[in-house]
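Have a look at the structure below, then the notes.
Residue numbers (the working numbering): 47 to 175.
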């Protein structure tokens with residue numbers, strides 16, 4: 047099954063799922079499809095848990111998304127799976143990729159981070175009022 051990219055906008059983040067097989071010939075197209083969903087001020091979840099196979103060149107997807115999210119200043123999370131585990135080899139290990147077990151865990155982490163930011167911001171707002 048060729049790679050299929052789906053995106054869903056949730057309250058806390060944009061969730062992009064890639065499923066099927068990512069071949070060396072598909073990598074650039076998949077990268078371009080996925081990266082267009084990295085938006086300013088919107089956390090991002092890349093779900094690769096349903097990949098059945100991925101070419102080694104697929105590591106470019108992880109580095110591009112990591113760079114794009116850093117440039118946009120947004121938090122992101124990676125849901126890996128058995129096929130995607132192969133991408134986490136030597137060249138990628140230097141990066142601290144935000145791995146989570148599931149999309150639900152990623153959204154929970156984003157909600158916790160938002161609550162923490164609000165609790166830190168609230169006292170400052172009360173003082174200036």
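From the three backbone atoms N, C-alpha and C, an ideal C-beta is built for every residue, glycine too.
Since this is a predicted model, take the numbers as computed values, not measurements.
For residue i, the three-state DSSP class (helix, strand or coil)
{"i": "residue 61", "result": "strand"}
{"i": "residue 67", "result": "strand"}
{"i": "residue 90", "result": "strand"}
{"i": "residue 81", "result": "helix"}
{"i": "residue 95", "result": "strand"}
{"i": "residue 56", "result": "coil"}
{"i": "residue 145", "result": "strand"}
{"i": "residue 73", "result": "helix"}
{"i": "residue 123", "result": "strand"}
{"i": "residue 128", "result": "coil"}
{"i": "residue 50", "result": "strand"}
Pick from the options that is closest to residue i, judged by C-alpha positions
{"i": "residue 147", "options": "130, 141 and 162", "result": "130"}
Proximity of residue i and residue j at Cβ, strictly below 7 Å
{"i": "residue 141", "j": "residue 114", "result": "no"}
{"i": "residue 97", "j": "residue 124", "result": "no"}
{"i": "residue 103", "j": "residue 73", "result": "yes"}
{"i": "residue 81", "j": "residue 110", "result": "yes"}
{"i": "residue 152", "j": "residue 76", "result": "no"}
Supposed close pair residue i, residue j - CB separation, criterion 8 Å
{"i": "residue 68", "j": "residue 106", "result": "With 8 Å as the limit, residue 68 and residue 106 do not qualify as a contact, their Cβ atoms being about 10 Å apart."}
{"i": "residue 94", "j": "residue 55", "result": "Between residue 55 and residue 94 the Cβ distance is about 19 Å, and since that is not below 8 Å, they are no contact."}
Review point. Is the stretch 50–70 touching the stretch 145–161 in the sense that three or more CB pairs, one from each, lie closer than 8 Å?
Key: yes
Check your understanding: Between the stretch 84–104 and the stretch 112–130, do three or more beta carbon pairs fall short of 8 Å?
Key -> yes
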